[in-house]
Amino acid sequence: MTSVSETSKWLDAHYDPVANLYTFSSCIGKISPYENTLLDLPTGLVSFLMDQHEPRTPAIAVASGPFIYVYKNLRPYFKFTLPPLEVNALEQDVWNQARECYPLLPSHRDKADVPLSVRSLRFLMLDPQDTEAFVNLHKAQPIRRQTVITCIGTLKKNMADEDAVSCLVICTESKDVYILDPEAFTILSKMSVPSAPTQMDVTGQFDVEFRITVACRNGNIYILRRDSPKPKYCIELSSHPVGLVRMGKSVVVGCAQETLQGFTQKGKKLWTACLPAPVTTMGVMDLPTRGFQAVLVGLANCEVHLYRDKNLISTIKTPDVVTSICFGRYGREDGTLIMTTKGGGLIVKILKRTAVFDDRDSAPGPPLAQSIRLNIPKKTKLYVDQTMRERENAVAMHRAFQMDLSRLRLAAARAYVKALESSLTPMSSSLSEPLKMNAVVQGLGPSFKLTLNIQNTAACRPVMNLAISFLYDESLYSMRTAFFKIPLLVPGLNYPIDTFVECLSDKGISDIIKVFVLREGKSAPLLTAHINMPVSEGLALN
1 MTSVSETSKW LDAHYDPVAN LYTFSSCIGK ISPYENTLLD LPTGLVSFLM DQHEPRTPAI
61 AVASGPFIYV YKNLRPYFKF TLPPLEVNAL EQDVWNQARE CYPLLPSHRD KADVPLSVRS
121 LRFLMLDPQD TEAFVNLHKA QPIRRQTVIT CIGTLKKNMA DEDAVSCLVI CTESKDVYIL
181 DPEAFTILSK MSVPSAPTQM DVTGQFDVEF RITVACRNGN IYILRRDSPK PKYCIELSSH
241 PVGLVRMGKS VVVGCAQETL QGFTQKGKKL WTACLPAPVT TMGVMDLPTR GFQAVLVGLA
301 NCEVHLYRDK NLISTIKTPD VVTSICFGRY GREDGTLIMT TKGGGLIVKI LKRTAVFDDR
361 DSAPGPPLAQ SIRLNIPKKT KLYVDQTMRE RENAVAMHRA FQMDLSRLRL AAARAYVKAL
421 ESSLTPMSSS LSEPLKMNAV VQGLGPSFKL TLNIQNTAAC RPVMNLAISF LYDESLYSMR
481 TAFFKIPLLV PGLNYPIDTF VECLSDKGIS DIIKVFVLRE GKSAPLLTAH INMPVSEGLA
541 LN
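Written out as structure tokens, the structure reads:
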């Protein structure tokens, strides 16, 4: 049921493939086992402490339809109903006129900006012959517009302790977010978002500061803060979110395009990790005793991946697709992982106390150092002023740069042409005699050995009838042979030609010796080399 590499980290505490548990992560909590029947399908379940009375027994809040059922001590304790929505005035007038409603209501069928009650929506779905009976049955009853709960969470009241009193936070289909008092179940705060919420994460304390991160049906994520009825920040995603958890000061989102993305609390993207399969569920793995936090991601390929930031640090293989995940303390074990599968199975695993997770990414890809953010220095006033100047004079600066660049290219081209025309380069530009020459000076002085290495770079044509001539200051240097002929040059071979130079000056100065490779019958040299002679150290010591 697990991979070989992960067997040493998890204990298989329980597995029941026919438990008939069909649920999602929002409807799982770590509570004492008992059973109670609901009137409708639940949309969320949370456990929270309502008061400071002893014994500190947590209550269970179950969201179902427009109601929240609160259970305490294994018994029903309280039922909270969402406040009704305001009925549209036009709809109210139509129902007041009773029998004149059916020619009027269909005229507003296509008006999406006019919210209607459930009664009117059902009326518009009826066949024409059934409308009169429907009106006669409901005309005496008052109209009510009731919304439903889409997700539920908890928010600490005034302390961050684990056993502190918590408020209930609920999101509704009418795009509202309510915070309820834990004892009187009155509405402490009401906020709204642009679209219907689907998932939610809450952190902070109600009396101090809190953040409510809401994933909505329009594909965006909104962040609500204290004393702000509207969203403070908005995260626009490239695909719809299918999972939302908070890990420390970052928000981790699983997207429908098989990616896992990390954001800051202000909505700035930090990283993106590609997944091998679609996300089915997500949860947080928090071990405060070890200071370890990670994100559990259930995938459609029967695997559960454990991510720390963007690094994949562990993989658990399951016999079926996991649909819900819950990690935390269960009984006496701090590291209990509870999962339900698509086929209704139940899997319970316990993390070994000796288990160690490596921070290195086990997935193939770039090294971890590549994802480390650089410590960029703060912008100075000089940098800001320079940036403003460049913005204001961008056109003039670009033109000046292009003008200088053109002048530089022109000067380089002229110098290159001049060198080719006068054969001032150590490589020949002639196609019939392609030659290359370099010089090496050996010795400390006053006598130097000058070696010229000449090579014919042609493919298959030899070169002959060449000569070498030296031009130098005769008051500084003397040479035994200042002119000699070069033998036939075979292509590809290096021909070293040696001569000796005697320094005549005792003043510690040096000069340039020019070397010309000549062809018989031509006045212009084939190539030229300038040799910077070193200072004669022998004469300097004398």
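Just so we're aligned, residue 1 is where the sequence shown starts under full-length UniProt numbering, counting upward by one. Note that beta-carbon positions come from the ideal geometry of N, C-alpha and C, so glycine has one too. This one's a predicted model, so the numbers in the text were calculated from it and none came from an experiment.
Does the beta-carbon of residue i have 16 or more other beta-carbons within 10 angstroms, so that it is buried, or is it exposed?
i, result
"residue 178", "buried"
"residue 273", "buried"
"residue 416", "exposed"
"residue 401", "exposed"
"residue 50", "buried"
"residue 81", "exposed"
"residue 308", "buried"
"residue 501", "buried"
"residue 310", "buried"
"residue 243", "buried"
"residue 380", "exposed"
"residue 372", "exposed"
"residue 222", "buried"
"residue 251", "buried"
"residue 477", "buried"
"residue 530", "exposed"
Could you check whether residue j and residue i sit closer than 8 Å to each other, using their CB atoms as the reference points?
i, j, result
"residue 74", "residue 91", "no"
"residue 9", "residue 299", "no"
"residue 451", "residue 463", "no"
"residue 230", "residue 192", "yes"
"residue 466", "residue 486", "yes"
"residue 284", "residue 297", "no"
"residue 198", "residue 211", "no"
"residue 318", "residue 303", "yes"
"residue 340", "residue 324", "yes"
"residue 203", "residue 246", "yes"
"residue 42", "residue 19", "no"
"residue 46", "residue 154", "yes"
"residue 141", "residue 85", "no"
"residue 168", "residue 187", "no"
"residue 237", "residue 255", "yes"
"residue 408", "residue 537", "no"
"residue 358", "residue 313", "yes"
"residue 293", "residue 248", "yes"
"residue 48", "residue 166", "yes"
"residue 496", "residue 456", "no"
"residue 241", "residue 258", "no"
Alpha carbon to alpha carbon, how far is residue j from residue i? Give it in angstroms, no decimals.
i, j, result
"residue 184", "residue 12", "43 Å"
"residue 89", "residue 143", "11 Å"
"residue 338", "residue 349", "7 Å"
"residue 208", "residue 158", "7 Å"
"residue 333", "residue 286", "13 Å"
"residue 413", "residue 493", "32 Å"
"residue 410", "residue 404", "10 Å"
"residue 52", "residue 261", "39 Å"
"residue 378", "residue 385", "14 Å"
"residue 79", "residue 61", "9 Å"
"residue 506", "residue 516", "27 Å"
"residue 508", "residue 527", "30 Å"
"residue 266", "residue 220", "14 Å"
"residue 25", "residue 320", "16 Å"
"residue 195", "residue 322", "28 Å"
"residue 459", "residue 392", "57 Å"
"residue 103", "residue 93", "A caution first: residue 103 carries a pLDDT of 45, below 50, which makes its placement in the model too unreliable to give a value."
For the structure I just gave you, are there three or more beta carbon pairs, one from the region 123-136 and one from the region 56-76, closer than 8 Å? Judged by Cβ distances under 8 Å, the region 123-136 makes no contact with the region 56-76, as fewer than three pairs qualify.
Within the region 228-306, note down every full beta strand (DSSP E) run reaching 3 residues or more, in order along the chain. When DSSP assignments are scanned along the region 228-306, the uninterrupted stretches of beta strand (DSSP E) that are 3 or more residues long and fall wholly within it turn out to be 233-236, 241-247, 250-255, 259-264, 269-274, 279-287 and 292-299.
Contained beta strand (DSSP E) runs [length at least 3] in the region 141-194, N- to C-terminal order: Complete beta strand (DSSP E) runs here, min 3: 149-156, 166-172, 176-180 and 187-192.
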